[in-house]
Amino acid sequence: MYPKLWDDRHSVVVPDSNIFYIIALLRFIPPPPKGPPTDKLVSQNNAIIQLCYNRGFNFKLYLPHYLSQENWMRHFGDKWTRFVQRKQNFDPMAILAPGQKIFSRNQLK
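Residue numbers for the sequence shown, in our numbering: 1 to 109.
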């Protein structure tokens, strides 16, 4: 449990509660060839995430790597509009953080 220590000036996304829980999946396995192939582990992780979506759990991924803007919108939830406005104000050419693929450079013009 962690107390909610941030306010609306930050872009970090946490549940709308004073207390929330962090649950981490940490895998300790031997590397291939003794351990399972990496793609199998990634597939298992994705199945766990999909189960959470299907059950309607309110959760956030730490350091997510979403492949669509729709998933980023779901991640930010009701803070998405504020996030877009800040991006337009402070990084209108979408130079910062291109690896997350949240915005294209042409999108914010």
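Each residue gets a CB set at the ideal place from its N, CA and C atoms; glycine is no exception.
CA-CA distance, residue i and residue j?
i: M1; j: Q50; result: Per-residue confidence for M1 stands at a pLDDT of 41, beneath the threshold of 50, marking its modelled position as unreliable; the derived number appears in the next sentence. When rounded, the distance between both Cα atoms is 24 Å.
i: I48; j: P30; result: 21 Å
i: Y62; j: D16; result: 16 Å
i: N18; j: H10; result: 16 Å
i: I23; j: P37; result: 24 Å
Under the criterion of a Cβ to heavy atom distance below 8 Å, does residue i qualify as lining the ligand GDP?
i: S43; result: The ligand GDP is absent from the structure shown, which contains no ligand whatsoever.
Roughly how far, in whole angstroms, is the beta-carbon of residue i from the beta-carbon of residue j, given that I think they are within contact range, below 8 Å?
i: K60; j: V13; result: 5 Å
For residue i versus residue j, is the C-beta spacing smaller than 9 Å?
i: H75; j: P92; result: no
i: K34; j: Y66; result: no
i: Q69; j: F103; result: yes
i: L25; j: N45; result: yes
Which residue's Cα is closest to the Cα of residue i: the options?
i: R27; options: K79, Y21 and K40; result: K40
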